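In this text, residue positions in the sequence shown follow the working numbering: the first is 28, and each later residue adds one.
The beta-carbon is built from N, C-alpha and C at its ideal position, and this holds for glycine as well.
Source: prediction; values computed, not measured.
Only one structure is covered here, and it is reproduced in the block below.
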Amino acid sequence: MSAYATKMVRPLVPANYISDKIFLWYSTVFSAAERDSAYVIDGLMHDDVVKSIIHSTDTHGYSEASFGVTHLLSISYAPRIKSLKRQTLYGFGSMVHEGRKSWAVQPTKYIDEDIICAHWDEILRLVATIKLKRSTASDIFRRLNSYSKQNSLYTALKAFGRIVKTLFILRYVDEVDLRMAIEAQLNKIELANRFTRAVAVGSPRDFIFARQEDQQVAESCNRLIKNAIICWNYLYLEMRLRTAEPATHAEMMIAIKTHSPQSWAHINMLGEYDFSDDKLVDTFGILPLKIGA
28 MSAYATKMVR PLVPANYISD KIFLWYSTVF SAAERDSAYV IDGLMHDDVV
78 KSIIHSTDTH GYSEASFGVT HLLSISYAPR IKSLKRQTLY GFGSMVHEGR
128 KSWAVQPTKY IDEDIICAHW DEILRLVATI KLKRSTASDI FRRLNSYSKQ
178 NSLYTALKAF GRIVKTLFIL RYVDEVDLRM AIEAQLNKIE LANRFTRAVA
228 VGSPRDFIFA RQEDQQVAES CNRLIKNAII CWNYLYLEMR LRTAEPATHA
278 EMMIAIKTHS PQSWAHINML GEYDFSDDKL VDTFGILPLK IGA
């Protein structure tokens, strides 16, 4: 995610969502004054083709409440948390203290089990509302945060999320493969942000539209162009691999593993428009349509 600005309007944050297959399946725009984490859940609910089982984001895209919601949505939330050593680890007060003396990592606070139990049914209804798309997570979280005092349901959701977050931090510290997978996914997002700026010819950091609906359309058009380029890259690579000699094929496979189909150096973003008949055959030899008499 990266902050853009509109003319005479507070900064906006366009958020891109990318799959492990390098498919940009959703994007949105929201104010930089709002927390990213609820919009992360909104995006996950838009993936109707391939259901997410793990999702990574940077430290701005997580909150304790989002850990709780994603867990109940059967999604493993795996953010890269800044200053991990400063994070609070939580334990259960009911656990035997004698057994903790041998632990290399000790919890410093306790989970409020009572508030979780008191609001458990409400938590499940909240998650069901998001799952069934009756309302978005961003709308729900915005309303819960609007109360002058800390909302008890939101407090309970954060308390539950602390359990999930603590378990994740312990896994993150212990599992090298998990850390590498998170880093690899976030590298794809960083490349997608660079791709966005390359596609947005002119002033890519400015939205020229004042209405959020128009900004969403502009961001969706940018995503459509990026996906079209990615698909073309896949098709071109498939054609080259299919026709390559065995030795060349092996070399290409090695090169592909270390590169990304999010590549645009070969694309003329300004475009050349030639609709003459002799130009209506593309790279793959697709002929123009025959018009019946």
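{"Asked": "Could you tell me the distance, in whole angstroms, from the CA atom of Ile138 to the CA atom of Ala145?", "Found": "14 Å"}
{"Asked": "Given that a residue counts as buried once 16 or more other Cβ atoms are within 10 Å of its Cβ, and exposed if not, what is Tyr244?", "Found": "The sequence as given places Val at residue 244; Tyr does not occur at that position. Exposed, because fewer than 16 other Cβ atoms sit within 10 Å of the Cβ of Val244."}
{"Asked": "Mark Arg221 as exposed unless 16 or more other C-beta atoms lie within 10 angstroms of its C-beta, in which case mark it buried.", "Found": "exposed"}
{"Asked": "I think Ile167 touches Thr156, with their Cβ atoms under 8 Å apart; what is that distance to the nearest whole Å?", "Found": "7 Å"}
{"Asked": "Taking the Cβ atom as the reference point for each residue, do His82 and Tyr104 lie within a distance shorter than 8 Å?", "Found": "yes"}
{"Asked": "Let me know if Glu265 comes out buried or exposed under the rule of 16 or more other beta-carbons within 10 Å of its beta-carbon.", "Found": "exposed"}
{"Asked": "CA-CA distance, Asn249 and Phe236?", "Found": "14 Å"}
{"Asked": "Would you call Ala282 buried or exposed, if buried means 16 or more other Cβ atoms sit within 10 Å of its Cβ?", "Found": "exposed"}
{"Asked": "According to DSSP, what are the bridge partners of His82?", "Found": "Tyr104"}
{"Asked": "Which class does Thr285 belong to by DSSP, given the choice of helix, strand or coil?", "Found": "coil"}
{"Asked": "Using the three-state DSSP reduction, which class does Val56 fall into: helix, strand or coil?", "Found": "strand"}
{"Asked": "Measure the alpha-carbon distance for Ser179 versus Lys48 and round it to whole angstroms.", "Found": "40 Å"}
{"Asked": "What residue does the alpha helix (DSSP H) around Leu153 start on, and which one ends it?", "Found": "147-158"}
{"Asked": "Answer yes if the region 176-196 comes into contact with the region 209-224, meaning at least three C-beta pairs across the two stretches below 8 Å, and no otherwise.", "Found": "no"}
{"Asked": "Look at the Cβ atom of Asn254, then the Cβ atom of Leu51, and state whether they are nearer than 8 Å.", "Found": "yes"}
{"Asked": "Roughly how many angstroms separate the alpha carbons of Leu111 and Ala271, rounded to a whole number?", "Found": "47 Å"}
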